[in-house]
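**Student:** Just so we're aligned: the sequence shown equals residues 1 to 464 in UniProt numbering. Every residue, glycine too, gets a C-beta built ideally from N, C-alpha and C. Here the structure is a predicted model, which means the values were calculated and not measured.
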Amino acid sequence: MPRMQLKLDSIPSAMCGIGKMDARSKCILLAAILTAVLPLEIHHLMAAVLGAAGYMFMQWLEPTVKRQPEGAPPRRPYTEKPSSRLASSAARGNSWEERRSRGFTAAEDQKWSALRAVPAAPAVKPDVKRPSVMPVKAPKFAASNWQEEVNELLETLKPNAASREQVEQIARAVKRSLGPVLPGAAVDAFSLARPMAGTAFGVAVPEVEVVVTLEGKGADGKLQKSLIRTCTDRLVSQDSFKFRRSAFRGAEPKVTLITPPEQGNMPFNLAVNALMPARCSELFKACEMDPVAIELILLVRRWAKDRGISHAAKGHLSPYSWMLLAIYYLQVGTHQLPAMSFVVSKRDRPEPSPEKNNVSAGELLQGFMKFYASFDWAKENISVRQGQRAAPTRPLMLLHEDGKTQPGPCIEDPFETSNNLGSCMHWLSMSRLQEEFARGVQLSGASLAELLEPWTPPDHADAD
């Protein structure tokens with residue numbers, strides 16, 4: 001049995017080690033063995049012997065590693081195949097001279113250049129329909145025509161004293177709960193529209209944003225996530241808040257929670273040292289110079305939420321971005337709003353134009369659909385700070401899984417001009433956005449209830 005011989009090669013070396021021991025060490029070893037063996041009974045000794053034999057047998061069954069003997073010549077180095085050389089060279093980014101010295105052909109170099117030029121497309125998993133215990137249905141209106149339906153919806157969207165008090169109650173409850181663990185924290189709640197439970201994607205895209213501000217902590221991503229976990233653990237374990245989901249991949253990490261039943265089971269987002277909710281509120285207040293502009297922003301955000309294209313965690317535009325799209329349309333499409341640079345620079349708000357615009361919110365919503373249905377995303381940058389048409393400085397290209405590309409939206413954050421808010425999108429969400437704008441144009445003569453019909457993902461069979 002050659003394999004057993006290989007496994008037992010270590011036994012003679014162990015015996016040689018014992019033979020090199022002096023007489024005193026041998027006596028101590030013998031005494032230790034006798035001390036361990038003599039108290040045992042015969043069946044104990046037999047069990048020990050069988051155990052040792054079983055251990056040696058299991059060692060023999062294990063695969064052996066053939067070691068290179070000392071003094072043997074070194075092995076021949078592995079020669080890469082052209083395909084593996086191509087991949088490794090592409091990963092290292094070698095120059096053409098280096099690749100040619102390694103034996104690359106011109107065809108291989110062309111493939112290498114293609115690998116370096118096109119990044120890998122991110123894996124996009126389309127949404128599929130899942131059963132729901134309480135599916136959200138399309139809104140119903142008592143009005144009979146388009147503009148009256150719009151006015152009826154706006155009455156439910158515009159915040160009032162009761163809704164503002166409800167939002168403030170959420171902020172006070174969060175501050176009271178976090179006081180023992182974060183004693184110096186400031187808690188602010190923001191909500192542009194009236195918070196309503198039960199609307200389509202109301203939990204996925206809550207209307208209420210709660211921001212916990214800690215002085216001196218900054219906006220470090222890892223620290224924000226750690227503090228959010230601390231706040232979430234406290235709210236859920238001590239004050240009966242319910243955790244729904246987390247969104248830690250975005251620029252500002254946050255979690256979605258639901259208030260206790262005594263506060264209406266209201267969903268809200270919780271973030272730490274986040275800036276976007278306050279910036280969104282500032283821009284929204286700046287648009288109050290034109291009441292119809294406020295109404296269009298509320299309608300657009302509600303439409304985007306109901307149609308499932310406002311969930312940033314899924315690669316869609318955020319509610320903040322949808323507000324910027326509405327403002328930009330009112331700047332270059334209808335010329336109702338000025339450039340928003342005064343909001344960023346903290347200057348006084350300019351006086352509204354004395355000319356009255358008689359366009360209704362319903363007409364503006366239809367114009368908004370037509371404006372972006374024919375919008376050239378590759379040649380135009382959406383900048384409410386400038387308030388005029390301009391080409392994008394850094395165009396965004398979205399890569400399909402089949403290698404094709406398409407232009408993506410360039411939406412400038414007016415408070416951070418280097419930030420493109422459209423960079424969160426992928427090819428599938430961009431296709432959905434264009435489909436919804438085309439659908440909005442097709443339904444220009446339909447009812448508002450049909451336009452706001454909640455979007456549902458396709459079934460599993462259709463998705464495949």
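Just checking my contact of A278 with C287 at CB under 8 Å: how many whole Å lie between their CB atoms?
**Tutor:** Between A278 and C287, the beta carbon gap of about 15 Å keeps them out of contact (Cβ cut-off 8 Å).
**Student:** Is R307 closer than 8 Å to M323 when the C-beta atoms are compared?
**Tutor:** no
**Student:** Just reading off the alpha helix (DSSP H) that Q331 is part of, what are its end residues?
**Tutor:** From DSSP, Q331 is part of no alpha helix (DSSP H); its letter is neither H nor E.
**Student:** How long is the line joining the alpha carbons of F190 and E453, rounded to whole angstroms?
**Tutor:** 27 Å
**Student:** In angstroms with no decimal places, state the Cα-to-Cα distance between S310 and E168.
**Tutor:** 25 Å
**Student:** Determine the contact status of A162 and D188, defining contact as a CB-CB distance below 8 Å.
**Tutor:** no
**Student:** Buried or exposed: which applies to K254, given that a residue is buried once 16 or more other Cβ atoms fall within 10 Å of its Cβ?
**Tutor:** buried
**Student:** What's the call for I28, buried or exposed, on a 16-neighbour Cβ count within 10 Å?
**Tutor:** Taking a 10 Å sphere around the C-beta of I28, we find fewer than 16 other C-beta atoms and assign the residue as exposed.
**Student:** Per DSSP, which residues does I382 bridge with? Please list them.
**Tutor:** Residue pairing of I382 in beta bridges, as defined by DSSP: I411.
**Student:** Give me the Cα-Cα distance between I228 and F243, rounded to the nearest whole angstrom.
**Tutor:** 12 Å
**Student:** Beta-carbon separation of L157 and A185 under 8 Å?
**Tutor:** Contact: no.
**Student:** What would DSSP say about F248, mapped onto helix, strand or coil?
**Tutor:** coil
**Student:** With DSSP run on the structure shown, which of helix, strand or coil describes T230?
**Tutor:** Looking at T230 - three-state DSSP - the assignment turns out to be helix.
**Student:** Which partner residues of L50 appear in the DSSP bridge assignment?
**Tutor:** Per DSSP, none; premise fails for L50.
**Student:** So, is H426 buried or exposed, given that buried needs 16 or more other C-beta atoms within 10 angstroms?
**Tutor:** buried
**Student:** Counting contacts by CB-CB distance shorter than 8 Å, is P180 in contact with chain B?
**Tutor:** Protein chains in the displayed structure number just one, and chain B is not present.
**Student:** Leaving out the 5 sequence neighbours to the left and right, which residues in its chain are closer than 6 Å to M134 when beta-carbon positions are compared?
**Tutor:** Note that M134 has pLDDT 47, beneath the 50 cutoff, so the model's placement of it is unreliable and no number is given.
**Student:** Which term fits Q224, buried or exposed, when burial requires 16 or more other beta carbons within 10 angstroms of its beta carbon?
**Tutor:** buried
**Student:** Please confirm whether E149 and L448 have their CB atoms less than 8 Å apart.
**Tutor:** yes
**Student:** Examine the Cβ distances between the region 256 to 267 and the region 331 to 341 and report whether three or more of them are shorter than 8 Å.
**Tutor:** No, because fewer than three Cβ pairs between the region 256 to 267 and the region 331 to 341 fall closer than 8 Å, the two stretches do not touch.
**Student:** Excluding sequence positions up to five away, which residues of its chain have a Cβ less than 6 Å from the Cβ of R85?
**Tutor:** Because the pLDDT of R85 is 44, which lies under 50, any placement of that residue in the model is unreliable, and the number read from its coordinates should be weighed accordingly. No residues qualify anywhere along the chain.
**Student:** For the region 435 to 442 and the region 366 to 376, state whether three or more C-beta atom pairs, one from each stretch, are separated by less than 8 Å.
**Tutor:** yes
**Student:** Taking Cβ positions, are N420 and R389 nearer each other than 8 Å?
**Tutor:** no
**Student:** Tell me whether A204 sits in a helix, a strand or coil according to DSSP, three-state version.
**Tutor:** coil
**Student:** DSSP state of P277, grouped into three classes?
**Tutor:** helix
**Student:** Thinking C-beta only, is S177 closer than 8 Å to D239?
**Tutor:** yes
**Student:** Taking a contact to mean a Cβ-Cβ separation below 8 Å, would you say A274 touches E252 in this structure?
**Tutor:** Going by C-beta atoms, A274 is nearer than 8 Å to E252.
**Student:** With distances taken between CB atoms, is the gap from V343 to P414 smaller than 8 Å?
**Tutor:** yes
**Student:** Tell me where the beta strand (DSSP E) around T417 begins and ends.
**Tutor:** E416 to N420
**Student:** If you follow the beta strand (DSSP E) that A271 is in, where does it begin and where does it stop?
**Tutor:** P267 to V272
**Student:** Note down, in chain order, each residue of its chain lying with its Cβ closer than 6 Å to the Cβ of G93, except the 5 sequence neighbours on either side.
**Tutor:** Only weak support exists for where G93 lies, its pLDDT of 44 falling under 50; the value from the coordinates is given anyway. None.
**Student:** Please give me, in chain order, every unbroken run of the alpha helix (DSSP H) with length at least 4 that falls completely inside the region 129 to 189.
**Tutor:** 146 to 157 and 161 to 178
**Student:** Confirm, please, whether the CB-CB distance from V210 to V174 is below 8 Å.
**Tutor:** yes
**Student:** Can you give me the Cβ contacts of S341 inside the same chain, cut-off strictly under 6 Å, excluding the 5 residues immediately before and after it?
**Tutor:** R385
**Student:** So, helix, strand or coil for G445, using DSSP?
**Tutor:** coil
**Student:** Drop a sphere of 10 angstroms on the beta-carbon of F57, count the other beta-carbons inside from all chains shown, and report buried for 16 or more, exposed for fewer.
**Tutor:** exposed
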